Amino acid sequence: MISLTLPEHELDLEATLFSGQLFRWQRQDDGWLTGYVGTQRLCLRQTESTLELAETDEATVRHFLRLDELALGEQARRWSASDPLFASAWKRQPGLRLLRQDPHECFFSFLCASVAPIARISKMLQAVCEEASGEPLGPFPSLEALLTLRESQLRARGLGFRAERVVAAARKLAEKPDGWLDSLRGKPLAEIESELTPFPGIGRKIADCIALFSLDADAAVPVDTHIWRIAKTHYAPELRDASLTPANYERAASAFQRKFGPYAGWAQQTLFYQQAVK
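Okay, so the sequence shown: first residue is 2 according to our numbering, each after it adds one.
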């Protein structure tokens, strides 16, 4: 087992893993949290300022948790000094980091996340995994395995309208070169959005979720009903009586970006957590 000592407020592991960024991690009875990044199983446990790793190499964990890229506590102190709403959210829940997920799993996870609470998303993804690979809690199925799925098969497992989107998106993704999703990592947000939104079932919000949680687009702000409410109440009062149109989505996201800068997506996740998860 490997133990890492972390500075105060750099990571709350459980809050991070169950904050709506991903949906298939499991709590074990002995305090360990288990899940997959690609085909690699991770076993993690946090005790105060120590992060324990079992069956897992340190480099993979650091990459997944982005531990070497942003001094989150320091950044949060700066945001807190200039924004009372963030200061209040951070005080209640410090240490919520953004993850660097496998883009393949993230892509299909958020296709299933449309108009569904987190618990239902988790169940739908377990069903997809079981139908495609026979392992509901194992590694996320490969694209080849997903291509064997039928819409009727997924509808029977409770995916509803998402079944058609998963099947159609898998077929369209198969037309892309190998590694295409990974190649989007680090590209400008607008380019990532333009590449993802032609896929069935992927609008601006889902594209921004995939960009933020797996492609290092730290300024992305997925505007759902919770973030929309925060934006028009606190950061874009000119939108107070407006509806969430595509143009107003852009205005709301831009308001977050003006307030929180190039790491706006990190700030919105803490605010989202307080509104939608905790």
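We put the beta carbon where it would ideally sit given N, CA and C, even for glycine.
These figures come from a predicted structure and were not determined experimentally.
Assigned exposure category for residue i - 16 Cβ within 10 Å defines buried
| i | result |
| --- | --- |
| ASP209 | buried |
| THR17 | buried |
| GLN258 | buried |
| THR57 | buried |
| LYS260 | buried |
| GLY36 | buried |
| SER244 | exposed |
| ALA55 | exposed |
| ASP31 | exposed |
| VAL168 | buried |
| ALA265 | buried |
Member of the options whose CA lies at the smallest distance from the CA of residue i
| i | options | result |
| --- | --- | --- |
| ASN249 | THR271, ALA55, VAL224 | VAL224 |
| TYR274 | LYS92, GLU106, GLU49 | LYS92 |
| GLY111 | ASP217, PHE87, GLY202 | Correcting the residue identity first, residue 111 is Phe in this sequence and not Gly. Nearest of ASP217, PHE87, GLY202 to PHE111, Cα basis: GLY202. |
| LEU182 | GLY159, PHE200, ALA221 | PHE200 |
| HIS64 | PRO178, LEU99, GLY262 | LEU99 |
| LEU97 | LEU12, GLU145, PRO104, GLY21 | LEU12 |
| GLY159 | ALA128, GLU176, GLY262 | ALA128 |
| THR51 | VAL38, TRP33, THR40, ARG42 | TRP33 |
| GLY262 | ASP31, ARG79, GLU192, PHE162 | ARG79 |
| HIS105 | CYS44, ASP84, SER20, LEU185 | LEU185 |
| VAL62 | GLY161, GLY204, ILE3, PRO142 | ILE3 |
| LEU45 | GLU15, ALA232, GLY21, GLY39 | GLU15 |
| ALA218 | ALA175, SER123, GLU192, ILE228 | GLU192 |
| ASP103 | SER195, GLN47, LEU144 | LEU144 |
In DSSP terms, what residue i is bridged to
| i | result |
| --- | --- |
| TYR37 | ARG42 |
| ILE3 | LEU54 |
| GLN47 | LEU52 |
| GLN27 | THR35 |
Validate contact between the segment 139-158 and the segment 236-253 using beta carbons, cut 8 Å, 3 pairs: no
Is the segment 258-272 close to the segment 212-224, with three or more CB pairs under 8 Å? yes
Could you tell me whether the segment 23-37 touches the segment 74-85, using the rule of 3 or more Cβ pairs below 8 Å? no
In chain order, each alpha helix (DSSP H) run of at least 4 residues that lies wholly inside the segment 161-213: 163-174, 181-184, 190-197, all fully within the segment 161-213.
Mind pulling the alpha helix (DSSP H) runs of 4 or more residues that sit fully within the segment 73-134? Qualifying alpha helix (DSSP H) stretches, in chain order: 73-83, 85-93, 104-112, 119-134.
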